[in-house]
Amino acid sequence: MKKFFAMTLLSLVLMCARADAAELSAADSAFAFETIVRTLHETNCTPLKIWYSGTALDDAQNVAYMNQLADSRGFDHNFTACMVFHSDFRSPPDPHDGKVTAWNYDTVYTDYTWYFGLYDGQWILMTRGY
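Reading the sequence shown from the start, the letters are residues 20 to 149 in this note's numbering.
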């Protein structure tokens, strides 16, 4: 399992480097990858694929979206960047796993989107979904 995640992380970093090495660092992509994997595991979902959208971190529309989300949640944040990732994952196969979930059981979800905002040098997962 560790080898799978190490190879997946390496693939993710390589995809990110090809997308735009000047903007997205390996540390940024590793943070996003770890956050996505951890969040999926919290609901017993299995990550299948994670990739960077390739959208510029300073894309005005995405940064504005992060700031709108912050305002709607009462955050006193002014985001300066936004990184967008996508993932494919499988939901838990057992409906009796003891966890309440919004997923359909044993289903592959594709192109699920994750938005991270950059505030004061730290990335924050602001929203995810379709």
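For each residue, glycine too, the CB sits at the ideal point set by N, CA and C.
Environment of residue i [buried if 16+ CB atoms lie within 10 Å]
i: Ser48; result: buried
i: Val82; result: buried
i: Ala100; result: buried
i: Tyr149; result: exposed
i: Gly140; result: exposed
Closest Cα partner of residue i within the set the options
i: His105; options: His60, Ser44, Ile55; result: Ile55
i: Ile69; options: Phe108, Gly148, Glu42; result: Phe108
i: Phe135; options: Asn86, Leu59, Asn63; result: Asn86
i: Leu43; options: Met102, Thr129, Leu88, Val127; result: Met102
i: Thr129; options: Trp142, Pro66, Thr58, Phe98; result: Pro66
i: Leu59; options: Asp77, Trp142, Val127, His96; result: Val127
Cα-Cα separation, residue i to residue j
i: Ala121; j: Phe52; result: 22 Å
i: Leu33; j: Ser72; result: Note on Leu33: pLDDT 42, under 50, position unreliable in the model; no value is reported.
i: Asp113; j: Trp133; result: 25 Å
i: Asp90; j: Ala75; result: 22 Å
i: Ser110; j: Ala46; result: 27 Å
i: Gln185; j: Met145; result: Because residue 185 is not part of the residues shown, which for the chain are 20 to 149, the question remains open.
i: Leu137; j: Phe50; result: 12 Å
i: Asn97; j: Leu88; result: 11 Å
i: Phe94; j: Ile143; result: 12 Å
Cβ separation of residue i and residue j, assumed to be a contact under 8 Å, to the nearest whole Å
i: Tyr131; j: Arg147; result: 7 Å
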